[in-house]
Structure formats: structure tokens, C-alpha cells
Amino acid sequence: MKRLLYELTESFRIAFAQIRANKLRSVLTALGVIIGIVAVTLMGTAIRGIDTGFTKSLAMLGDDVLYVQKWPWGGVEDWWNYANRPPIRPEDADKLNHIIEQTPNSLLEVAVPVSARGNSVKAGENKVSGVFTIGTTADYGRLISADFSEGRLFNDTEAAGGRPVCVLGFDVAEALFQNRSSIDQTVMIGGHPFTVIGVVAKQGSFLGLFSFDNQAILPLEAFRKYFSVRRGAEIRVKITDKTRVADAREELTGAMRRVRAQLPGERDNFNINEQGAFKAQLDPIKQGIALAGLFITGLSLFVGAIGIMNITFVSVKERTKEIGTRKALGARRRTILLQFLIEAVSICLIGGFVGLGLTYGLVLAVGAAFPAIPVEFSVSLVFISMAVSILTGIISGFAPAWGASRLDPVVALRYE
Amino acid sequence: MIPSSAPAASRLTRPAGPLVIDIAGVTKLYEMGEETIHALRGVSVQIHRNEYLAIMGPSGSGKSTLMNMLGCLDTPTAGRYEFNGKNVASMIDDELADIRNREIGFVFQTFNLLPRSTALANVELPLIYAGYAPAERRARAIRALENVGLGSRLHHKPNELSGGQRQRVAIARALVNSPSIILADEPTGNLDSKTGVEIMALFEQLYEQGNTLIVVTHEEDIARHARRIVRLRDGLIESDGSVY
Chain A
1 MKRLLYELTE SFRIAFAQIR ANKLRSVLTA LGVIIGIVAV TLMGTAIRGI DTGFTKSLAM
61 LGDDVLYVQK WPWGGVEDWW NYANRPPIRP EDADKLNHII EQTPNSLLEV AVPVSARGNS
121 VKAGENKVSG VFTIGTTADY GRLISADFSE GRLFNDTEAA GGRPVCVLGF DVAEALFQNR
181 SSIDQTVMIG GHPFTVIGVV AKQGSFLGLF SFDNQAILPL EAFRKYFSVR RGAEIRVKIT
241 DKTRVADARE ELTGAMRRVR AQLPGERDNF NINEQGAFKA QLDPIKQGIA LAGLFITGLS
301 LFVGAIGIMN ITFVSVKERT KEIGTRKALG ARRRTILLQF LIEAVSICLI GGFVGLGLTY
361 GLVLAVGAAF PAIPVEFSVS LVFISMAVSI LTGIISGFAP AWGASRLDPV VALRYE
Chain B
1001 MIPSSAPAAS RLTRPAGPLV IDIAGVTKLY EMGEETIHAL RGVSVQIHRN EYLAIMGPSG
1061 SGKSTLMNML GCLDTPTAGR YEFNGKNVAS MIDDELADIR NREIGFVFQT FNLLPRSTAL
1121 ANVELPLIYA GYAPAERRAR AIRALENVGL GSRLHHKPNE LSGGQRQRVA IARALVNSPS
1181 IILADEPTGN LDSKTGVEIM ALFEQLYEQG NTLIVVTHEE DIARHARRIV RLRDGLIESD
1241 GSVY
């Protein structure tokens, strides 16, 4: 055991002496590993970043909210089965709330109707087009997790009276009023005047497709007064216990069938969507990206590994006589094997450290230059890339080191 | 004038100790493509502790093969080889490595020092393979280097030493494990004659200290330093006798 330790120390000493003695060669070989590690770790950070982005986006939808809608999320093949469904009406939400109140220990907390359309919003000379305008009740405040950067949501009285008040998304408020306060300002939404009573704090965008900051929230009655709700609405239902989504979903399905007065055996003529379903759709895509990305970047590491293998073969060839001498002096096969493996692993580890350092720098630079691109550097990445470096060294160094350990000492000593 | 390399007239022959090497009827065959080469055709040699032996013979005589066999670098095709009573002929690679490490000190014609290691590190190498702790390694290696007159060159690398000094480092390395035999292959072959004489004087000193020396050479002058000469020809022992 002690002998092995001494042999290892000696092997490391020789390995570093060897690397120092062949600086250029070692640097060039390590370069292959550096590029490989940078590629793989960058891919790793990107994948983690995408993952975090997905999770964050899904959290915006709310993990305790069910969406009652006409269409399911994600595509459907038999669209004709859905097209003739009756639209979801805001009044359905009232009926749902009524049922929820009557149900003891209901898993559902509150149903909130949401009607939506695109509008342009104007304030004086400034105009923002394509603002996602929604009409809802005061209960909407119980659904969203976001804070208000200023002001408040409308209350029940304002909602029921259809008062012309509105809450703006952060980007809309900023575009219209820059650094000034938006509270009590009048904006024209779809040509109708509304008084701003609140601004929702910045939330970010959902999968980069839809910005939660580009919206305007109006009382449902006001929305109904100026814009049509005939195209239908959706009902968002907050549940009491997020660990029992499936049960809550079942209860909501039953309640909704009662609202719709559907007969037993009849197919649901509505859909209940939740972020979990979204996740199920996105996960395979995410995994596909991760797998393909790691495979492609893994190829560059593979090229680096071939470089290591090549250099170890050369090193064994050059030092055949030294191997013979060591064997004559009593080095066992294991000793020679370890010596060359350690050389290969040392170069890989140096490459790994440098590569990791470069990745860290790049991640910081990208993070500073493009805050929108989700990249994330983690401790586990350090350990994984070190493990990958060591593994690369062992795999690529093994064949030449094995050959060296099997050399016949007589032949090796005669080698010139 | 170059000093004569002939041995001094008044030299003592030490009494031989117990049997170290016992070789009987050893043959060695090599397959060279289609051809089979009989390098040794049945060689028997006994070597005792504290003998000073020279092995001579022209090239192709089997001299190198016998040396490799004695050095446990190679095993016989047939025949008996016992080293300190242990059967070498049936040993596997790693067992041979251990025997070489503990029992045999090699001195090569080309010195075979590790170029990027100091004299001290070179001499420590067999002790690393033997599993000695660093402090003891160092102490022993220093003693061995002092014994060959290189106490002041411990931290020099081979390229900072003369040929004679390099061979002394190699001899210190051979001695450091207190082996049963020192096996020197043409130890003066790469040295000028003056340095060669110095090295042979060192061998004489080692012999007088009680070491067992086997020198393989094709030079009569060198062989005559030994007390016994074994001559090989065509894979057989031609003669085996004391030097008067």
C-alpha cells in the first residue's frame, strides 16, 4: 500500500517534469482538451440556463392555477371536435364560484374569468401597439404572484361598476411615461379613456414568446362595455393544494360539467389546462436539445482525447529505453501503467482547469453583455467537468500505457 | 602516459560465500520469422556470493542472452535457474520485477540514467519501487553516492556530469538496494580508457567490500580484472576458470 503511494508520488513528479520538458507539445495537446471542456461546459451552462428559463416561465403561469378553456394547450389533430364547442363565458365563472362555495372541503379556491384581446394603448404622443388587454374581476389579484411597482389592482366596487380604470404591465407603463409616475394618468386603450391606478412589477417573458409586462388589466365590466366578449373568455381557477392537482382537476371537471349541464356519457365540451401539461410537452424538446447539444460538443472533447492518446503513444515510444531501465530496476507492470496514465490524466486535468476558467469568464461576459440569455455556472459543473477530464485522460491514456506496461524489458533496453 | 589497465600483481581473491545463482542445462530459443535461433544450447553456471566474474564471448555467442537470464530480465526456454534457492524459470513478470529490484543491481554500457532527474533522484528510484519511505530513501541514496565518491554531486542532473561520473551514479543506483549481485554490461564501453580504469578500480573496491560482481564484456583487459572468466561460444560454455 505504501509502495503504491510512493510510486504515485514519483509518477506525478515525473509527469510534471515531462510536461515541463515538452512545454509546446503539452500545451498543444492540452489545447484540444481545453476546447473540448469549454464546449461541453458552455453547453452545460446553456442547458441549465434553458432549464431555469423554462421553470421560471412556467412559474409565471402559476403552479396552483387551472385554466378552463375551449382548446387544449399544444396542438390537436382532430380540431373539428373542438371547433364547435361553446365558448367559455365569463358568467360561467360566477356559477363555478357558487358551486365552490357549496362544496365542503373544496380543493378549488376561486374561479376568475379572463377575457382578452390585443389593443393599442396611447398616452399623449406615445403609443404602444399589440398590448395584451384583459378584462377580469378583482379576484385576479389572488391569482398573480407579481407585486405592484406602484398603485394597486381595482377593487370589487370598481370592478362591478365597470369603472374605466386600468393596471398596466411594466413595459407598457415605461414606454408611455418613461420615468414619470403613471398613477392617475389617462391612457387611451383601443380608443377609450382609462385612468391608470397601478403598474405591475417587471416579470419577464414566457419562453421568450409572450411578455407578461406587455399587458393592460381592466375591470371585466369595463372590458365588456367597450370590447366584445363574444369570442369567449377563459376561467382561471386557483386551487388550495398544489400537491393535489389531479384531484382538483377532477373536481373542477365535475363542477364545470354541472355549469354546462352536460349529460353523463357526453364528452367534456371544454378543456382544463395546467402548466404541468405544458411541462410534459416541453420536456422532450428540452431533453432533445440537451442530448444533441452534449453529443455535438462531446465530439470536440473526443478529438481532444485522441490528441492525448496520440501524445501518450509518442511519449511511450520516445521513452522505450527508460521503460526498460525502470523495469530492470524493479518497476512492475502496474507502475509503468500508472506512470503513463498519470501523465495523460495530468494533461487532461490541466486542460480541464484552464477550460473551466475560460468557461467561467465567458459565462460572466455573456451574462454581463446579454442579460436576456439564460446562462448559469454551477459548482456541480466544476466537479462534473473535472470528472470528465480525468475520465478522458484515463480512457485515452489507457491503450498506450497498457502497451508500455507490457513491454519486454530486454527489447525495451535494446531500443535506441 | 595512460596507466596500464592490467590488474595489479598482488591482488587478493576473497573466499566465495554461499551459492547465489545456480543455472543448469539452460537453453533459450528465439523465433525469428521462419527461423529458430538457439541462443543458448545448454549452459550450466554456478555463482557464489562475493565472486568477481567476467562473461566473455564474441557477438552471437549467447553472451547477452545469458546476461539477460542472469539479470532475471528473461526466463529460459528449458533448464533450471535458481536464484538464492528460488526458482526463477517459472516466475511471472511482476515476480521477476521484484527479484530484479531486490537482488540485482544493473550497470549499463549507456548508463541509462533518467535525464531529467538529479543524481539523488536517480539513485532513489529502485528504493521507491522497493517501498522505502522518503527519508530513508534519501539517506540510503546519499550514502550510496558517497560510497562511489559523488557526495558533492547529489543535485546534479546527468547532463551536468562527466561520463565517468554518470557511470558512478549508475553504480550507486545498482548498489543502493544492497543486491545479491551487481550485473554490469560493458560498463566501460562508453568511457575513455582513463575513466574506464577508474571505474574498474571502483569495481575492485566494491569487490573488496564484499559485493558479488558479474561483468559482461568483450574486452580481454576488462575481463582480466575479474577472478573468474566464463567464455561462451555458439551458445555453449567454452571455458570457465579462475584468472591466475
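First to last, the protein sequences are chains A and B. Residue numbers for the first sequence follow the numbering used here, so the first one is 1 and each next one is one higher. Residue numbers for the second sequence follow the numbering used here, so the first one is 1001 and each next one is one higher. Glycine included, C-beta positions come from ideal geometry on N, C-alpha and C.
Task: Local conformation of B/Asp1185 per DSSP, three classes - done: Position 185 of the second sequence, counting from 1, holds the residue named residue 1185 of chain B. B/Asp1185: strand per DSSP, three-state reduction.
Open item on the list: Does chain B have any CB closer than 8 Å to the CB of A/Ala21?
Closed with: The sequence position of residue 21 of chain A within the first sequence is 21, counting from 1. At least one chain B Cβ lies under 8 Å of A/Ala21.
TODO: Have a look at A/Leu341, A/Gly151, A/Leu291, A/Thr133 and flag the residue whose alpha-carbon is nearest the alpha-carbon of A/Pro310.
DONE: Position 310 of the first sequence, counted from the first residue, corresponds to residue 310 of chain A. Note that residue 310 of chain A is Asn in the sequence shown here, rather than Pro. Comparing Cα positions, the closest option is A/Leu341.
- [ ] Would you check if there are 3 or more beta carbon pairs closer than 8 Å linking the region 1011-1029 of chain B to the region 1072-1086 of chain B?
- [x] yes
- [ ] Check whether the Cβ atoms of A/Phe223 and A/Gly130 lie closer than 8 Å to each other.
- [x] Counting from one through the first sequence, the residue named residue 223 of chain A turns up at place 223. Counting from one through the first sequence, the residue named residue 130 of chain A turns up at place 130. No, the Cβ-Cβ distance between A/Phe223 and A/Gly130 is not below 8 Å.
Task: 8 Å Cβ cutoff, B/Phe1106 in contact with chain A - done: Here the question's residue 1106 of chain B lines up with position 106 in the second sequence. Chain A contact via Cβ: present.
Task: Where A/Ser120 sits in the DSSP three-state scheme - done: Counting from one through the first sequence, the residue named residue 120 of chain A turns up at place 120. It is a strand residue.
Task: Helix, strand or coil at B/Ile1092 [DSSP, three-state] - done: Indexing the second sequence from 1 puts residue 1092 of chain B at position 92. DSSP places B/Ile1092 in coil when its eight states are reduced to three.
Task: A/Arg152 burial status per 10 Å Cβ neighbour count (16 or more: buried) - done: In the first sequence, residue 152 of chain A corresponds to position 152, counting from 1. Exposed.
- [ ] For A/Asn126, write down the residues that DSSP places opposite it in a beta bridge.
- [x] Within the first sequence, the letter at position 126 stands for residue 126 of chain A. The secondary-structure analysis by DSSP pairs A/Asn126 across a beta bridge with A/Ala123.
TODO: In the DSSP assignment, find the unbroken beta strand (DSSP E) run with A/Ile183 in it and report its ends.
DONE: Position 183 of the first sequence, counted from the start, is the residue given in the question as residue 183 of chain A. Premise fails: A/Ile183 is in no beta strand (DSSP E) and is neither H nor E.
- [ ] Evaluate A/Glu274 with the Cβ neighbour count: other Cβ atoms within 10 Å of its Cβ, from every protein chain shown; 16 or more gives buried, anything less gives exposed.
- [x] Translated into positions along the first sequence, residue 274 of chain A becomes position 274. Burial call: buried.
Task: Cβ neighbours of A/Pro400 in the same chain (closer than 7 Å, five flanking residues each side left out) - done: On the first sequence, position 400 is the one that residue 400 of chain A refers to. Closer than 7 Å at Cβ, skipping near neighbours: Met309, Thr312, Phe313, Val316, Phe340.
Open item on the list: Within the continuous alpha helix (DSSP H) that includes A/Thr312, where are the two ends?
Closed with: Within the first sequence, the letter at position 312 stands for residue 312 of chain A. 275-318 is the extent of the alpha helix (DSSP H) around A/Thr312.
TODO: Could you round the C-beta distance between A/Met256 and A/Leu96 to whole angstroms and report it? I think they count as a contact, below 8 Å.
DONE: Here residue 256 of chain A corresponds to residue number 256 of the first sequence, with the count starting at 1. Here residue 96 of chain A corresponds to residue number 96 of the first sequence, with the count starting at 1. About 7 Å separates the CB atoms of A/Met256 and A/Leu96; that is less than 8 Å, so the two are in contact.
- [ ] Give the residues of chain B in contact with A/Ala17, contact being defined as C-beta atoms less than 8 Å apart.
- [x] By one-based count along the first sequence, residue 17 of chain A stands at place 17. The contacting residues are Arg1116, Ser1117.
TODO: For B/Ala1009, name the three-state secondary structure that DSSP assigns.
DONE: Within the second sequence, residue 1009 of chain B is the residue found at index 9, counting from 1. With a pLDDT of 47 at B/Ala1009, under the threshold of 50, the modelled position of that residue is not reliable, and no figure is offered here.
TODO: Taking only beta-carbon positions, decide if A/Glu376 is within less than 8 Å of chain B.
DONE: Residue numbering aside, residue 376 of chain A sits at position 376 when the first sequence is read from its first letter. With respect to chain B, the C-beta atom of A/Glu376 has no partner C-beta closer than 8 Å.
Task: Proximal residues, the region 34-59 of chain A versus chain B, C-beta separation under 8 Å - done: If the cut-off is 8 Å between Cβ atoms, the region 34-59 of chain A has nothing near chain B.
Task: B/Met1067 versus B/Gly1131: straight-line alpha-carbon distance, rounded - done: Residue numbering aside, residue 1067 of chain B sits at position 67 when the second sequence is read from its first letter. Residue numbering aside, residue 1131 of chain B sits at position 131 when the second sequence is read from its first letter. The alpha-carbon atoms of B/Met1067 and B/Gly1131 are separated by roughly 27 Å.
Task: Contact residues within the region 381-415 of chain A, judged by C-beta distance below 7 Å to chain B - done: Pro409, Val410
Task: Limits of the alpha helix (DSSP H) - the one that A/Ala365 falls within - done: As a first step, residue 365 of chain A must be located in the first sequence, where it is residue number 365. Start and end: 333-369.
Open item on the list: Short of 7 Å in beta carbon distance, which residues of its chain neighbour B/Ile1002, apart from the five on each side in sequence? Order them along the chain.
Closed with: For this step, residue 1002 of chain B is matched to residue 2 along the second sequence. With a pLDDT of 44 at B/Ile1002, under the threshold of 50, the modelled position of this residue cannot be trusted; read the value that follows with caution. Closer than 7 Å at Cβ, skipping near neighbours: Ser1193, Lys1194.
Task: Per DSSP, cross-strand counterpart(s) of A/Pro219 - done: Counting from one through the first sequence, the residue named residue 219 of chain A turns up at place 219. According to DSSP, which records beta bridges pairwise, A/Pro219 is partnered with A/Thr136.
Task: Three-state secondary structure assigned by DSSP to A/Val199 - done: Here residue 199 of chain A is taken as the residue at index 199 of the first sequence, counted from 1. In the structure shown, A/Val199 sits in a strand (DSSP, three-state: E or B).
Task: Proximal residues of chain D, C-beta to C-beta of B/Gly1071 below 8 Å - done: In the displayed structure, chain D is absent; the protein chains listed are A and B.
- [ ] Could you give the DSSP three-state label for A/Phe377: helix, strand or coil?
- [x] If you number the first sequence from 1, residue 377 of chain A lands on position 377. In this structure, A/Phe377 counts as coil in the three-state DSSP scheme.
- [ ] Kindly indicate which residue of A/Phe302, A/Val237, A/Asn22 has the alpha-carbon position closest to the one of A/Ile395.
- [x] Here residue 395 of chain A is taken as the residue at index 395 of the first sequence, counted from 1. It is A/Phe302 whose Cα lies nearest to the Cα of A/Ile395.
- [ ] Using beta-carbon positions only, say whether B/Leu1053 and B/Ile1171 come within less than 8 Å of one another.
- [x] Here the question's residue 1053 of chain B lines up with position 53 in the second sequence. Here the question's residue 1171 of chain B lines up with position 171 in the second sequence. No, these two residues do not count as a Cβ contact at 8 Å.
Task: Nearest candidate by alpha-carbon position, reference A/Arg326, set A/Ser211, A/Thr45, A/Pro409 - done: In the first sequence, counting from the first residue as 1, residue 326 of chain A sits at position 326. For the residues A/Ser211, A/Thr45, A/Pro409, the minimum Cα distance to A/Arg326 belongs to A/Pro409.
Task: Contact set for A/Glu234: own chain, Cβ-Cβ below 7 Å, skip 5 residues either direction - done: By 1-based counting over the first sequence, the position of residue 234 of chain A is 234. Same-chain partners within the cutoff: Tyr67, Val68, Gln69, Ile88, Val114.
Task: A/Asp268 burial status per 10 Å Cβ neighbour count (16 or more: buried) - done: Working through the first sequence from its first residue, we reach residue 268 of chain A at position 268. Looking at its Cβ environment, which holds fewer than 16 other Cβ atoms inside 10 Å, A/Asp268 is exposed.
Open item on the list: Please report the distance separating the alpha-carbon of B/Leu1070 from that of B/Asn1159.
Closed with: In the second sequence, counting from the first residue as 1, residue 1070 of chain B sits at position 70. In the second sequence, counting from the first residue as 1, residue 1159 of chain B sits at position 159. Distance between the alpha carbons of B/Leu1070 and B/Asn1159: 30 Å.
Open item on the list: With the cut-off set at 8 Å, would you say A/Phe353 and A/Val363 are in Cβ contact?
Closed with: Taking the first residue of the first sequence as position 1, residue 353 of chain A is located at position 353. Taking the first residue of the first sequence as position 1, residue 363 of chain A is located at position 363. No, the Cβ-Cβ distance between A/Phe353 and A/Val363 is not below 8 Å.
Open item on the list: Looking at chain B, is there any beta carbon in it that lies within less than 8 Å of the beta carbon of A/Glu318?
Closed with: Translated into positions along the first sequence, residue 318 of chain A becomes position 318. Not an interface residue.
Open item on the list: For a cutoff of 8 Å on Cβ pairs, would you count B/Asp1074 as touching chain A?
Closed with: Translated into positions along the second sequence, residue 1074 of chain B becomes position 74. Yes, its Cβ sits closer than 8 Å to a Cβ of chain A.
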